[in-house]
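In what follows, a single structure is set out as structure tokens and then discussed.
2 protein chains.
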Amino acid sequence: MSKIERKEREKQLRRESILDAAESVFFEKGLIASTMDEIAEKAELSKGTLYLYYRSKDDLYLGVICRGFDILIGKLSEAASPDVSTIQKLLNIGSAYYNFSQKHTHYFRMFSFLESPQFHTMASEELLNESHNQSKRAWDVIIDVISNGIKDGTFRENIDPVQMAIILWSNATAIMKLKDRKDQFWIENLNVDIDTVLQKSNAMLVSTMLTENAKRYYQPKL
Amino acid sequence: MSKIERKEREKQLRRESILDAAESVFFEKGLIASTMDEIAEKAELSKGTLYLYYRSKDDLYLGVICRGFDILIGKLSEAASPDVSTIQKLLNIGSAYYNFSQKHTHYFRMFSFLESPQFHTMASEELLNESHNQSKRAWDVIIDVISNGIKDGTFRENIDPVQMAIILWSNATAIMKLKDRKDQFWIENLNVDIDTVLQKSNAMLVSTMLTENAKRYYQPKL
DNA sequence: CAATTAAATGACTGTTAGTCATTTAATTAT
DNA sequence: ATAATTAAATGACTAACAGTCATTTAATTG
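If you want it as structure tokens, here you go:
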């Protein structure tokens with residue numbers, strides 16, 4: 043009896059097509075200015091139907107965020123997988139994240155949504171968990187690379203991989219966000235190149251992680 | 043004729059008392075869940091009157107944010123003023139910011155509001171400018187300390203004070219935010235002490251800024 | 001104390017997230 | 001094939017809320 047399976051498949055397809063509509067509206071107008079009616083129209087469905095597939099506007103937003111995570115996790119895993127040195131992997135991950143923030147700016151911006159619980163009071167546990175899980179998967183990629191880097195002698199033994207992952211990731215995120223909204227800020231008047239800042243800060247952090255031996259092969263430019 | 047002056051003073055007092063009401067409501071419920079009616083009631087005024095003093099809910103929120111900035115700027119200036127070594131000043135500034143985030147969590151959280159233009163579409167130019175100016179004043183304190191640190195031989199000559207300020211400030215902000223919402227995140231399961239992470243990341247960044255000479259007097263713990 | 005100006009009010013409007021009784025379509029049983 | 005049953009879709013409706021504005025109330029001036 044594959045009737046039920048087909049039903050399930052169709053339901054999933056509909057969920058995706060609703061998400062397509064939501065994504066295009068959210069990308070264009072942002073969370074606040076987007077309306078459920080507009081999303082419904084784009085999805086060629088009535089508003090009521092949206093609520094049969096997603097519990098709230100916040101859930102739709104989270105659904106789109108999860109798509110972003112899928113892409114990001116793909117890029118990160120890709121960057122961490124080739125058979126190159128630990129340093130190179132870390133550099134690749136950095137580039138992958140940076141490129142993601144540039145090519146998928148909308149997703150990148152949306153990620154901040156997760157940081158303000160007050161903005162997603164209507165979000166369901168399920169979708170919040172899903173996004174948290176994905177976020178965790180992204181972190182794991184980096185933690186893994188750092189852990190292996192300690193084993194292979196690239197990084198000092200007395201650093202904690204989780205701590206370092208937090209530091210590197212937080213730093214990159216913060217500075218990439220700054221770049222994203224640069225024009226709205228006073229920074230525009232101080233002719234600072236944010237790309238340089240990102241490079242430098244990464245170099246500074248990584249340099250203090252390296253073993254004396256690793257420093258012989260790679261000298262970050264401070 | 044001080045009639046006009048008195049009027050002006052009274053108007054300012056009213057603005058402040060409205061802000062008192064707004065602050066207590068915003069602190070309790072956050073931006074979204076707070077309503078203008080509730081703020082009006084707390085201020086013992088009608089909703090219409092609020093709009094004679096503030097253009098929008100977003101403006102009220104920005105007004106409260108500016109109060110937060112006042113406090114923060116005070117603490118930062120205080121930390122940067124005593125006649126101690128550059129290193130000590132920088133450490134004091136770090137502590138001041140950290141203490142602010144802990145004691146004035148509400149203000150600290152509200153600052154994120156400035157980062158998402160989509161959430162303050164109704165904000166007036168005036169108040170946005172005011173908050174940006176204040177933000178700039180906070181940055182200037184740090185930039186100043188770093189600039190002087192280069193002059194007095196604490197920091198390397200080839201670092202850029204603005205770049206370094208951005209790096210240090212962004213890093214601290216990002217990690218303090220993480221601490222603030224720690225419980226909502228996967229991190230809770232990984233028993234990482236965020237305070238340690240903050241200490242470490244600061245030490246790492248500062249250590250790469252120091253001149254060889256300065257390193258003799260101060261060794262950050264990595 | 002009348003006339004004028006300024007401040008305050010709250011009923012009203014427009015917008016929108018979310019609901020639910022009703023309709024329409026699909027599936028199953030006869 | 002067709003009736004009965006179940007599932008999917010609809011859109012009119014509600015409640016909540018930001019912001020407005022004609023009207024009222026208070027203060028100031030002549």
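Taken in order, these protein sequences are the chains called A and B. Here this note's numbering is used: the first residue of the first sequence is 43, the next is one more, and so on. Here this note's numbering is used: the first residue of the second sequence is 43, the next is one more, and so on. Ideal Cβ placement from N, Cα and C applies to all residues, glycine included.
Nearest candidate by alpha-carbon position, reference residue i, set the options
i        : options                                : result
Asp194/B : Ile129/B, Glu80/B, Lys263/B            : Ile129/B
Pro124/B : Ala63/B, Val187/B, Thr238/B            : Val187/B
Thr253/A : Val234/A, Thr196/A, Met246/A, Gln241/A : Thr196/A
Arg109/B : Thr91/B, Ile60/B, Glu83/B, Glu157/B    : Ile60/B
Ala63/A  : Glu52/A, Thr77/A, Glu50/A, Lys53/A     : Thr77/A
Asp79/B  : Lys99/B, Phe69/B, Glu70/B              : Lys99/B
Arg223/B : Ser119/B, Ser143/B, Tyr93/B, Leu132/B  : Ser143/B
Arg151/B : Phe153/A, Tyr149/A, Gln160/A           : Gln160/A
Met246/A : Ala121/B, Gln205/B, Leu156/B           : Gln205/B
His148/B : Arg97/B, Phe69/B, Asn141/B, Arg198/B   : Phe69/B
Ile192/A : Asn171/A, Asn141/A, Leu156/A, Leu132/A : Leu132/A
Glu167/A : Leu73/A, Gln54/A, Arg97/A              : Arg97/A
Leu92/B  : Lys53/B, Leu73/B, Val126/B             : Lys53/B
Ala256/A : Leu73/A, Glu199/A, Arg48/A             : Glu199/A
Ile74/A  : Pro203/B, Ser158/B, Arg48/B            : Ser158/B
Spatial neighbours of residue i in its chain, beta-carbon cut-off 8 Å, leaving aside the 5 residues before and after
i        : result
Asn244/A : Gly136, Leu210, Asn213, Ala214, Pro262
Ala9/B   : Past the boundaries of the shown model lies residue 9/B; chain B is included only from 43 to 264, so the question cannot be answered.
Asp237/A : Lys221
Glu65/A  : Val106, Arg109
Ile115/A : Gln176, Arg179, Ala180, Val183
Leu118/B : Ile135, Ala138, Tyr139, Ala180, Val183, Ile184
Ser154/B : Lys219
Contact set between residue i and chain A, taken where Cβ atoms lie within less than 8 Å
i        : result
Glu157/B : Ser154, Lys219, Arg223
Gly72/B  : Gln160
Met78/B  : Those do not exist, as Met78/B stays about 17 Å from chain A at its closest Cβ, beyond 8 Å.
Leu247/B : Ser243, Met246, Leu247
Thr196/B : Correct list: empty, because the minimum Cβ distance to chain A is about 16 Å.
Asn213/B : Ile209, Ser212, Asn213, Ala216, Ser243
Thr147/B : Within chain A, no residue comes near Thr147/B; the closest Cβ sits about 13 Å away, beyond 8 Å.
Thr238/B : Gln205
Residue i (DSSP reduced to helix, strand or coil)
i        : result
Ile87/B  : Checking the displayed sequence, the identity of residue 87/B turns out to be Leu instead of Ile. In the structure shown, Leu87/B sits in coil (DSSP, three-state: anything other than H, G, I, E or B).
Leu104/A : helix
Leu252/A : strand
Exposed unless 16 or more other CB atoms sit within 10 angstroms - verdict on residue i
i        : result
Lys219/A : buried
Val248/A : buried
Ser88/B  : exposed
Asn233/A : exposed
Thr250/B : buried
Ile201/A : buried
Asp101/A : buried
Gly90/A  : exposed
Leu264/B : exposed
Ile229/B : buried
Neighbourhood of residue i by C-beta distance below 6 Å, restricted to the same chain and skipping five residues each side
i        : result
Tyr260/B : Ile129
Lys242/A : none
Leu104/A : Ala165, Leu169, Ser173
Lys71/A  : none
Glu86/B  : none
Ala121/B : Asn134, Ile135, Ala138
His162/A : Asp100
Interface partners of residue i on chain B, CB under 7 Å
i        : result
Val204/A : Leu232, Val234
Lys178/A : Trp228
Contacts of residue i in chain A (Cβ-Cβ under 7 Å)
i        : result
Ser243/B : Ile209
Leu252/B : Near Leu252/B there are no residues of chain A at all, since even the closest Cβ is about 11 Å away, more than 7 Å.
Sequence-distant residues of its chain with Cβ nearer than 7 Å to residue i (five each side left out)
i        : result
Val67/B  : Ser76, Glu80, Ile81, Lys84
Tyr95/B  : Arg56, Arg57, Ile60
Val239/B : Ile217
His146/B : Gly110, Ile113
Asn190/B : Thr128
Pro203/B : Ile185, Ile188, Ser189, Ile192
Chain-ordered chain B contacts of residue i [CB-CB under 9 Å]
i        : result
Leu118/A : Residues of chain B passing the Cβ test: none, with the nearest at roughly 16 Å.
Ser98/A  : Under the 9 Å cutoff, chain B gives no residues; its nearest Cβ is about 13 Å from Ser98/A.
Interface residues of chain A facing residue i [CB-CB closer than 9 Å]
i        : result
Leu264/B : Arg198, Asn200, Ile201, Thr250, Met251
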